[in-house]
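S.K.: Here it is, the structure in full.
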Ligand SMILES: Nc1ncnc2c1ncn2[C@@H]1O[C@H](COP(=O)(O)OP(=O)(O)O)[C@@H](O)[C@H]1O
Ligand SMILES: [Mg+2]
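Residue numbers (our numbering), protein chains in the order written: chain H, 5 to 423; chain X, 16 to 286.
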């Protein structure tokens, strides 16, 4: 080899190494960003899965709970558990007599504890008149202090006196952290210690199901028509351009469309997953159509000819050969569209899915919210206790997305014939 | 070969001798692709149970004409066919003719082997199944064996019918495609350069197979290989620039062509 050729070879090798290094750098950057995101979110959020509780002896006072002696469910639900709770806490610290002290004492346990007592009595009215040691939910501010999320003096959410009582309780082993089941089984609440994510999960599930049921068949049928049947002319060109444009329309516009068409014109209920899913379906359609068309186009013409050659009709050719071969590509597009729909917030705000809903939706027509909107609402709360709940909500959203995508990938694998 | 072949074998005409029954009769066939006039007034008679080869330089319209015979050109949006093509005396471009049924009678084997991405078994039974030729499992099994034997593939694949057809070698794939075609028991088999993607040994196997198949089927084969045309066909048609220049008994075309263009092509002056 001439020296010139050797120099050129060296230059080419160096360029190739640089090219590879750029790729690795880009990947490292992406991985680092993802890691940072995960560490932040998980670091902030994992504490929300535990909750501080205080063990206090409660006297289920018949005078407060059932003054008339009636124990029917409605009465018990509406009874005065606040008094029972306050009596229990002040009985634990009998030395506190002053008004301010009593108020601070009351602040140890939040309204979550009241709900706890109510649920206990409703489940077992036989408790009335008895004394029990009960693990009561601590107030969110106390919870934050115990978890180390806040410090004493920090905006003075917890007073020195309260801290003293906590130390006393802790010395008796009466302060502990428990797994926060309520977070996974409940819906939204004003109190950070009572909030649950299940309402959002169920709402998101309904919404995405509606979206998938509408967008997938419509998208695939539209793609099949455009790719296999439609004549190639001016009109189909215009349709093609418009589908591509539709994919780029800001999502909030779809929300406005949903508001005016589905809710105002068709009179569908506000805040319902049916409407949310329909809006998201409109938004996902172009993505699915574009992906499905590309997948259909990628099916080799030789397979089509083979099918037609043995006398398959066009419908049989599409149904037996083209669609199954295109299905992995179509599913990939659908996964992307669904992942977008899962994270979508703006259009759902327009159709009222931002409401404060304390019940878990039971069907696609009941008022509900979705995970990203739920996270958005929690992030908006001023209370310190909502910070960790927001991050925990994000963790749940990410897990939801992972589960959804994993099942889609599994489905795609089933269609992919490795031969 | 199987019984179906045996009892039809005596109908096969010795090459070039006597007035063979005509299977396909084309008159003044023109094909336009948009503005392009790809096939210009082609008229040809294709005798029953014989091999007719189409030769000619590439782009001269061989495939175009072949695809007219099973109306495969219908699938090309801008293709326009006129003239008349009769199969057993009935015009195949008659509006009353169902293309799907026509393609069951006129099968096609393509240049590139194109088995479906399914098992060998599924490849063969696909046609019979969609045409309702067999209902029971046993019938399908019988069709698979008969067709694979007919395509000379049975002994090689009988133990792996459930394996993917795309896993076979190129030559085996092409024979699988032939088995798939004969499984619907067509009358005519169109082959568009069936060996151009195969090695010489696989090509020889297919050529032998064609010799067998002509006892049973009318075969029209496009080839760019003149030795192949000489070896397998009884009649040869020479196409040039969209025109059918000359059609005659194969022997005559290769020894004593009437047209100067044919002469030039077979002596290798162009092509
Ligand atoms: N789908 C098509 N659209 C437009 N022109 C075509 C198409 N198919 C073939 N042609 C043209 O028609 C002519 C004949 O083609 P073809 O029949 O494939 O030739 P051959 O098989 O003899 O090589 C060629 O000039 C080719 O460019
Ligand atoms: Mg050709």
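Ideal Cβ placement from N, Cα and C applies to all residues, glycine included.
Flag this pair as yes or no: are the beta carbons of residue 63 of chain H and residue 135 of chain H separated by less than 9 Å?
M.R.: By 1-based counting over the first chain, the position of residue 63 of chain H is 59. By 1-based counting over the first chain, the position of residue 135 of chain H is 131. In contact: residue 63 of chain H and residue 135 of chain H (Cβ atoms closer than 9 Å).
S.K.: In chain X, what lies closer than 8 Å to residue 235 of chain H by C-beta?
M.R.: In the first chain, counting from the first residue as 1, residue 235 of chain H sits at position 231. Ordered by position in chain X, the residues that pass the 8 Å Cβ test against residue 235 of chain H are 92.
S.K.: Check the C-beta distance from residue 119 of chain H over to residue 81 of chain H and give it rounded, since I have them as a contact under 8 Å.
M.R.: Start at 1 with the first residue of the first chain, and residue 119 of chain H comes out as number 115. Start at 1 with the first residue of the first chain, and residue 81 of chain H comes out as number 77. Not a contact, Cβ separation roughly 11 Å.
S.K.: Exposed or buried, what is residue 187 of chain H when buried is set at 16 or more other beta-carbons lying within 10 Å of its beta-carbon?
M.R.: The residue you call residue 187 of chain H lines up with position 183 of the first chain. Burial call: buried.
S.K.: Could you give the distance in angstroms between the alpha-carbon of residue 73 of chain H and the alpha-carbon of residue 131 of chain H?
M.R.: Taking the first residue of the first chain as position 1, residue 73 of chain H is located at position 69. Taking the first residue of the first chain as position 1, residue 131 of chain H is located at position 127. The alpha-carbon atoms of residue 73 of chain H and residue 131 of chain H are separated by roughly 13 Å.
S.K.: Beta-carbon of residue 45 of chain X versus every beta-carbon of chain H: anything under 9 Å?
M.R.: As a working mapping, residue 45 of chain X is identified with position 30 in the second chain. No, residue 45 of chain X lies away from the interface with chain H (no Cβ there is under 9 Å from its Cβ).
S.K.: Quick one: is residue 304 of chain H near chain X, going by C-beta distance under 9 Å?
M.R.: Mapped onto the first chain, residue 304 of chain H falls at position 300. Answer yes: the Cβ-Cβ gap between residue 304 of chain H and chain X drops below 9 Å somewhere.
S.K.: Applying the criterion that 16 or more other CB atoms from any shown protein chain within 10 Å of the CB defines a buried residue, is residue 138 of chain H buried or exposed?
M.R.: Against the first chain, residue 138 of chain H aligns to sequence position 134. Residue 138 of chain H should be labelled buried.
S.K.: What do you reckon, is the C-beta of residue 220 of chain X under 8 Å from a heavy atom of ligand 2?
M.R.: The residue given as residue 220 of chain X occupies position 205 in the second chain. Flag unset: Cβ of residue 220 of chain X not near ligand 2.
S.K.: Whole angstroms is fine: what's the gap from residue 101 of chain H's alpha carbon to residue 181 of chain H's?
M.R.: Stepping through the first chain from its first residue, residue 101 of chain H is reached at position 97. Stepping through the first chain from its first residue, residue 181 of chain H is reached at position 177. Straight-line Cα distance between these residues: approximately 29 Å.
S.K.: Find the nearest neighbour of residue 77 of chain H within the set H:89, H:49, H:33, H:123, judged by alpha-carbon distance.
M.R.: Working through the first chain from its first residue, we reach residue 77 of chain H at position 73. Looking at the Cα atoms, H:123 is the closest of the given residues.
S.K.: Return no unless some Cβ of chain H is closer than 9 Å to the Cβ of residue 130 of chain X.
M.R.: Within the second chain, residue 130 of chain X is the residue found at index 115, counting from 1. Yes, because at least one Cβ of chain H sits closer than 9 Å to the Cβ of residue 130 of chain X.
S.K.: Residues of chain X with CB under 9 Å from residue 55 of chain H, in chain order?
M.R.: Your numbering for residue 55 of chain H matches position 51 in the first chain. What residue 55 of chain H touches in chain X: nothing, since even the nearest Cβ is about 55 Å away.
S.K.: Are at least three pairs of beta-carbons, each pair with one atom in the segment 278-291 of chain H and one in the segment 215-235 of chain H, less than 8 Å apart?
M.R.: As far as the Cβ criterion goes, the segment 278-291 of chain H touches the segment 215-235 of chain H, which means the pair count is three or higher.
S.K.: What are the complete alpha helix (DSSP H) segments, minimum 4 residues, inside the segment 298-326 of chain H?
M.R.: Those alpha helix (DSSP H) runs which fall completely within the segment 298-326 of chain H and span 4+ residues are 305-313.
S.K.: Report yes if the C-beta distance between residue 331 of chain H and residue 299 of chain H is below 9 Å; otherwise report no.
M.R.: Here the question's residue 331 of chain H lines up with position 327 in the first chain. Here the question's residue 299 of chain H lines up with position 295 in the first chain. Contact: yes.
S.K.: Identify the contact partners of residue 127 of chain X in chain H, using a Cβ-Cβ distance below 8 Å as the criterion.
M.R.: The residue labelled residue 127 of chain X in the question sits at position 112 within the second chain. 306, listed in chain order.
S.K.: Quick one, which residues of the segment 316-334 of chain H are near chain X if we go by CB-CB under 8 Å, in chain order?
M.R.: Result list: 316, 317, 320, 324, 325, 329.
S.K.: At the 9 Å Cβ level, is residue 116 of chain X part of the contact set with chain H, yes or no?
M.R.: The residue given as residue 116 of chain X occupies position 101 in the second chain. At least one chain H Cβ lies under 9 Å of residue 116 of chain X.
S.K.: Under the three-state reduction of DSSP, which class applies to residue 22 of chain H: helix, strand or coil?
M.R.: Along the first chain, read from residue 1 onward, the residue named residue 22 of chain H stands at position 18. Correct three-state label for residue 22 of chain H: helix.
S.K.: State the beta-bridge partners of residue 99 of chain X as determined by DSSP.
M.R.: Position 84 of the second chain holds residue 99 of chain X. Answer by DSSP bridge pairing, in chain order: X:42.
S.K.: For residue 424 of chain H, which residues from the same chain have a beta carbon less than 6 Å from its beta carbon, with the 5 sequence-adjacent residues on both sides left out?
M.R.: With chain H represented from 5 up to 423, any question about residue 424 of chain H goes unanswered, as that position is not in the structure.
S.K.: Taking the beta strand (DSSP E) that residue 371 of chain H falls in, what are its first and last residues?
M.R.: What you label residue 371 of chain H is simply residue 367 of the first chain in a count that begins at 1. Counting along the chain, residue 371 of chain H falls outside any beta strand (DSSP E), and DSSP gives it neither H nor E.
S.K.: Taking the CB atoms as reference points, tell me whether residue 92 of chain X and residue 236 of chain H lie closer together than 9 Å.
M.R.: For the purposes of this step, residue 92 of chain X is taken as the residue at position 77 of the second chain. For the purposes of this step, residue 236 of chain H is taken as the residue at position 232 of the first chain. Closer than 9 Å, so yes.
S.K.: Is residue 105 of chain X near ligand 1, judged by its Cβ being under 8 Å from some heavy atom?
M.R.: One-based indexing of the second chain puts residue 105 of chain X at position 90. False, no ligand heavy atom lies under 8 Å from that Cβ.
S.K.: Cβ of residue 419 of chain H less than 9 Å from any chain X Cβ?
M.R.: Stepping through the first chain from its first residue, residue 419 of chain H is reached at position 415. No, because no Cβ of chain X sits closer than 9 Å to the Cβ of residue 419 of chain H.
S.K.: Could you work out which residue in H:261, H:191, H:196, H:195 is closest to residue 202 of chain H when comparing CA atoms only?
M.R.: What you label residue 202 of chain H is simply residue 198 of the first chain in a count that begins at 1. The shortest C-alpha separation from residue 202 of chain H is found at H:191.
S.K.: Can you have a look at residue 23 of chain H and say buried or exposed, based on whether 16 or more other CB atoms are within 10 angstroms of its CB?
M.R.: Reading the first chain from its first residue, position 19 is the one you call residue 23 of chain H. It is exposed - the Cβ of residue 23 of chain H has fewer than 16 other Cβ atoms within 10 Å.
S.K.: Which term fits residue 26 of chain X, buried or exposed, when burial requires 16 or more other beta carbons within 10 angstroms of its beta carbon?
M.R.: Within the second chain, the letter at position 11 stands for residue 26 of chain X. At residue 26 of chain X the pLDDT is 41, less than 50, meaning the model places this residue with poor confidence and gives no usable figure here.
S.K.: Taking C-beta to C-beta, are residue 235 of chain X and residue 204 of chain X nearer than 9 Å?
M.R.: Position 220 of the second chain, counted from the first residue, corresponds to residue 235 of chain X. Position 189 of the second chain, counted from the first residue, corresponds to residue 204 of chain X. Cβ distance < 9 Å, so residue 235 of chain X and residue 204 of chain X count as in contact.
S.K.: What's the C-alpha gap between residue 327 of chain H and residue 359 of chain H?
M.R.: Taking the first chain and counting its residues from 1, one reaches residue 327 of chain H at position 323. Taking the first chain and counting its residues from 1, one reaches residue 359 of chain H at position 355. If I take the Cα positions, the gap works out to 41 Å.
S.K.: Check the Cβ-Cβ distances between residue 309 of chain H and every residue of chain X, and say whether any is below 9 Å.
M.R.: Counted from its first residue, the first chain places residue 309 of chain H at position 305. Yes, residue 309 of chain H lies at the interface with chain X (some Cβ there is under 9 Å from its Cβ).
S.K.: Determine, for residue 312 of chain H, whether the minimum Cβ-Cβ distance to residues of chain X falls below 9 Å.
M.R.: As a working mapping, residue 312 of chain H is identified with position 308 in the first chain. Residue 312 of chain H counts as touching chain X.
S.K.: Can you pull every residue whose C-beta falls closer than 5 Å to some heavy atom of ligand 1, listed in chain order?
M.R.: That gives X:48, X:53, X:73, X:74, X:75, X:76, X:77, X:78, X:79, X:91.
S.K.: Examine chain H for any beta-carbon lying closer than 9 Å to the beta-carbon of residue 124 of chain X, and answer yes or no.
M.R.: Here residue 124 of chain X corresponds to residue number 109 of the second chain, with the count starting at 1. Yes, residue 124 of chain X counts as interfacial toward chain H.
S.K.: Applying a beta-carbon distance threshold of less than 7 Å, which residues of chain H neighbour residue 146 of chain X?
M.R.: As a first step, residue 146 of chain X must be located in the second chain, where it is residue number 131. Residues of chain H passing the Cβ test: 315.
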